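Participant:
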Amino acid sequence: MFTRFKPTWMLESIYDLKPAELKKRGIKVVLTDLDNTLIAWNNPNGTAELKHWLEIMQEEAIPVVVVSNNSKKRVAQAVAPFKLLFISRALKPFSYGINKAKRELKLKNHDLILVGDQLVTDVAAAHAAGIRSVLVKPIIETDAWNTRINRFFERIIKKKLIKDKAISATWRHSLDD
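Per the numbering used here, the very first residue in the sequence shown carries number 399; after that it's consecutive.
Spelled out as C-alpha coordinates, the structure:
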(Lines of atoms letter the chains of each structure in order from A and count residues from 1; the text may use other names and numbers.)
(Lines give C-alpha, C1' and ligand atoms only; values in the text may rest on other atoms or scores of the structure.)
Protein backbone atom coordinates (compact mmCIF):
# COMPACT_ATOMS: atom_id res chain seq x y z
CA MET A 1 0.00 0.00 0.00
CA PHE A 2 2.78 2.44 0.88
CA THR A 3 5.10 1.45 -1.99
CA ARG A 4 3.98 4.45 -4.05
CA PHE A 5 5.56 6.64 -1.37
CA LYS A 6 8.94 4.86 -1.40
CA PRO A 7 11.63 7.10 -2.91
CA THR A 8 14.37 5.64 -5.09
CA TRP A 9 16.96 7.57 -3.05
CA MET A 10 16.97 9.71 0.12
CA LEU A 11 19.52 12.52 0.29
CA GLU A 12 20.24 15.16 2.90
CA SER A 13 19.82 17.89 0.27
CA ILE A 14 19.52 18.56 -3.43
CA TYR A 15 23.13 19.76 -3.32
CA ASP A 16 24.20 16.14 -2.75
CA LEU A 17 23.23 15.36 -6.36
CA LYS A 18 26.46 15.18 -8.34
CA PRO A 19 26.63 15.30 -12.15
CA ALA A 20 28.85 12.20 -12.40
CA GLU A 21 26.38 10.12 -10.35
CA LEU A 22 23.46 11.38 -12.44
CA LYS A 23 25.20 10.70 -15.74
CA LYS A 24 26.24 7.22 -14.57
CA ARG A 25 22.52 6.45 -14.20
CA GLY A 26 21.54 7.96 -17.54
CA ILE A 27 19.82 10.95 -15.94
CA LYS A 28 19.79 13.90 -18.34
CA VAL A 29 17.42 16.28 -16.52
CA VAL A 30 16.68 16.99 -12.85
CA LEU A 31 13.07 17.91 -12.15
CA THR A 32 12.73 19.52 -8.76
CA ASP A 33 10.07 20.75 -6.42
CA LEU A 34 10.40 24.40 -5.45
CA ASP A 35 9.46 25.11 -1.83
CA ASN A 36 11.63 23.51 0.84
CA THR A 37 13.55 21.56 -1.82
CA LEU A 38 15.25 24.19 -3.97
CA ILE A 39 14.50 27.24 -1.84
CA ALA A 40 13.02 27.77 1.60
CA TRP A 41 9.30 28.38 1.12
CA ASN A 42 9.59 31.67 2.99
CA ASN A 43 12.87 32.83 1.37
CA PRO A 44 12.62 32.96 -2.43
CA ASN A 45 16.11 34.41 -2.91
CA GLY A 46 17.90 31.10 -2.51
CA THR A 47 21.43 30.74 -1.16
CA ALA A 48 24.98 30.98 -2.43
CA GLU A 49 25.12 27.17 -2.20
CA LEU A 50 22.09 26.89 -4.50
CA LYS A 51 23.63 29.27 -7.04
CA HIS A 52 26.87 27.29 -7.01
CA TRP A 53 25.05 23.95 -7.44
CA LEU A 54 23.00 25.35 -10.35
CA GLU A 55 26.22 26.61 -11.99
CA ILE A 56 27.75 23.14 -11.72
CA MET A 57 24.65 21.55 -13.25
CA GLN A 58 24.70 24.06 -16.08
CA GLU A 59 28.42 23.49 -16.73
CA GLU A 60 27.76 19.74 -16.89
CA ALA A 61 24.79 20.27 -19.26
CA ILE A 62 22.22 18.84 -16.83
CA PRO A 63 19.14 21.07 -16.95
CA VAL A 64 17.24 21.70 -13.73
CA VAL A 65 13.51 22.20 -14.23
CA VAL A 66 11.13 23.22 -11.44
CA VAL A 67 7.88 21.24 -11.23
CA SER A 68 5.67 22.94 -8.66
CA ASN A 69 2.06 22.94 -7.53
CA ASN A 70 2.30 26.71 -7.06
CA SER A 71 0.77 29.28 -9.40
CA LYS A 72 2.58 30.40 -12.55
CA LYS A 73 3.11 33.86 -11.06
CA ARG A 74 4.64 32.49 -7.84
CA VAL A 75 6.97 30.03 -9.59
CA ALA A 76 8.01 32.48 -12.32
CA GLN A 77 8.92 35.06 -9.69
CA ALA A 78 10.85 32.51 -7.59
CA VAL A 79 12.90 31.03 -10.45
CA ALA A 80 13.54 34.24 -12.41
CA PRO A 81 16.89 34.98 -10.68
CA PHE A 82 18.06 31.45 -11.54
CA LYS A 83 16.76 31.45 -15.14
CA LEU A 84 15.21 27.98 -14.75
CA LEU A 85 12.50 26.40 -16.85
CA PHE A 86 9.41 25.49 -14.86
CA ILE A 87 6.05 23.77 -14.86
CA SER A 88 3.50 25.36 -12.53
CA ARG A 89 0.20 23.94 -11.30
CA ALA A 90 1.78 20.48 -11.63
CA LEU A 91 -1.03 18.79 -9.70
CA LYS A 92 1.31 16.55 -7.69
CA PRO A 93 0.70 13.79 -6.50
CA PHE A 94 -0.67 13.19 -9.98
CA SER A 95 1.69 12.81 -12.93
CA TYR A 96 0.37 15.81 -14.92
CA GLY A 97 3.31 18.19 -14.40
CA ILE A 98 5.96 15.51 -14.84
CA ASN A 99 4.34 14.23 -18.02
CA LYS A 100 4.14 17.78 -19.34
CA ALA A 101 7.87 18.23 -18.68
CA LYS A 102 8.63 14.90 -20.40
CA ARG A 103 6.66 15.95 -23.48
CA GLU A 104 8.12 19.45 -23.67
CA LEU A 105 11.69 18.20 -23.19
CA LYS A 106 11.15 15.10 -25.37
CA LEU A 107 12.46 12.74 -22.69
CA LYS A 108 11.82 9.16 -21.64
CA ASN A 109 11.19 8.03 -18.06
CA HIS A 110 14.77 6.83 -17.53
CA ASP A 111 16.16 10.25 -18.59
CA LEU A 112 14.95 12.15 -15.54
CA ILE A 113 14.34 12.17 -11.83
CA LEU A 114 12.12 14.21 -9.55
CA VAL A 115 13.61 15.68 -6.39
CA GLY A 116 11.27 16.78 -3.63
CA ASP A 117 10.82 17.08 0.10
CA GLN A 118 7.45 15.32 0.42
CA LEU A 119 6.48 11.67 0.13
CA VAL A 120 2.78 12.34 -0.44
CA THR A 121 3.21 14.80 -3.30
CA ASP A 122 6.66 14.56 -4.91
CA VAL A 123 7.51 10.88 -4.50
CA ALA A 124 3.93 9.81 -5.23
CA ALA A 125 3.94 11.95 -8.41
CA ALA A 126 7.22 10.39 -9.55
CA HIS A 127 5.74 6.91 -9.07
CA ALA A 128 2.58 7.92 -10.94
CA ALA A 129 4.72 9.14 -13.85
CA GLY A 130 6.97 6.08 -13.81
CA ILE A 131 10.20 7.93 -12.99
CA ARG A 132 12.79 7.68 -10.22
CA SER A 133 12.63 9.98 -7.22
CA VAL A 134 14.90 11.57 -4.66
CA LEU A 135 13.44 12.53 -1.30
CA VAL A 136 15.40 15.33 0.35
CA LYS A 137 15.21 16.66 3.87
CA PRO A 138 13.15 19.88 3.91
CA ILE A 139 15.36 22.98 3.88
CA ILE A 140 13.61 24.43 6.92
CA GLU A 141 11.47 22.89 9.63
CA THR A 142 8.47 25.14 9.14
CA ASP A 143 5.99 24.76 6.30
CA ALA A 144 3.36 26.83 4.62
CA TRP A 145 -0.07 26.19 6.16
CA ASN A 146 -1.22 23.94 3.30
CA THR A 147 1.77 21.61 3.66
CA ARG A 148 1.31 20.90 7.36
CA ILE A 149 -1.51 18.43 6.63
CA ASN A 150 0.73 16.50 4.25
CA ARG A 151 3.48 16.38 6.87
CA PHE A 152 1.10 14.77 9.36
CA PHE A 153 0.36 11.89 6.98
CA GLU A 154 3.96 11.75 5.83
CA ARG A 155 5.19 11.04 9.37
CA ILE A 156 2.87 8.01 9.56
CA ILE A 157 3.90 6.75 6.12
CA LYS A 158 7.62 7.27 6.75
CA LYS A 159 7.43 5.46 10.10
CA LYS A 160 5.77 2.47 8.39
CA LEU A 161 8.32 2.43 5.53
CA ILE A 162 11.19 2.50 8.03
CA LYS A 163 9.58 -0.23 10.15
CA ASP A 164 9.18 -2.41 7.03
CA LYS A 165 12.80 -1.65 6.08
CA ALA A 166 11.61 -0.21 2.77
CA ILE A 167 13.61 2.96 3.47
CA SER A 168 16.41 3.92 5.79
CA ALA A 169 16.02 6.27 8.71
CA THR A 170 19.34 7.82 7.68
CA TRP A 171 19.76 10.59 5.12
CA ARG A 172 22.53 9.97 2.59
CA HIS A 173 24.94 12.29 0.77
CA SER A 174 25.34 10.34 -2.46
CA LEU A 175 23.28 8.22 -4.84
CA ASP A 176 26.02 5.62 -4.43
CA ASP A 177 25.63 5.28 -0.63
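Idealized CB from N, CA, C, for every residue including glycine. Since the structure is predicted, the reported quantities are computational estimates derived from the model, not experimental observations.
#1: Who are residue 408's beta bridge partners in DSSP?
#2: I want to know whether the region 465-484 touches the region 431-448 - three or more CB-CB distances under 8 Å.
#3: Which word fits residue 484, buried or exposed, when buried means at least 16 other C-beta atoms lie within 10 angstroms of its C-beta?
#4: Is residue 514 helix, strand or coil when you go by DSSP?
#5: Could you give the distance in angstroms between the alpha-carbon of residue 562 and the alpha-carbon of residue 400?
#6: If we ignore side chains and look at the alpha-carbon of each, how far apart do residue 495 and residue 489 end up?
#7: Taking the alpha-carbon positions, what's the residue 478 to residue 498 distance?
#8: What residue range is occupied by the uninterrupted beta strand (DSSP E) comprising residue 462?
Facilitator: Short version:
#1: Locating residue 408 in the sequence shown gives position 10, counting from the first residue. BP columns for residue 408 point to 533.
#2: By the Cβ rule, the region 465-484 counts as touching the region 431-448, because three or more pairs are nearer than 8 Å.
#3: Position 86 of the sequence shown, counted from the first residue, corresponds to residue 484. Result: buried.
#4: Here residue 514 refers to the residue found at position 116 of the sequence shown. In the structure shown, residue 514 sits in a strand (DSSP, three-state: E or B).
#5: Taking the sequence shown and counting its residues from 1, the one referred to as residue 562 is at position 164. Taking the sequence shown and counting its residues from 1, the one referred to as residue 400 is at position 2. Approximately 10 Å between the Cα atoms of the pair.
#6: Mapped onto the sequence shown, residue 495 falls at position 97. Mapped onto the sequence shown, residue 489 falls at position 91. Spanning the two alpha carbons is a distance of roughly 6 Å.
#7: Sequence index remark: in the sequence shown, residue 478 carries index 80 (1-based). Sequence index remark: in the sequence shown, residue 498 carries index 100 (1-based). Straight through space, the alpha carbons of residue 498 and residue 478 are spaced by roughly 20 Å.
#8: Residue mapping note: residue 462 aligns to position 64 of the sequence shown, counting from 1. It spans 462-465 - the beta strand (DSSP E) in which residue 462 sits, taken as one unbroken run.
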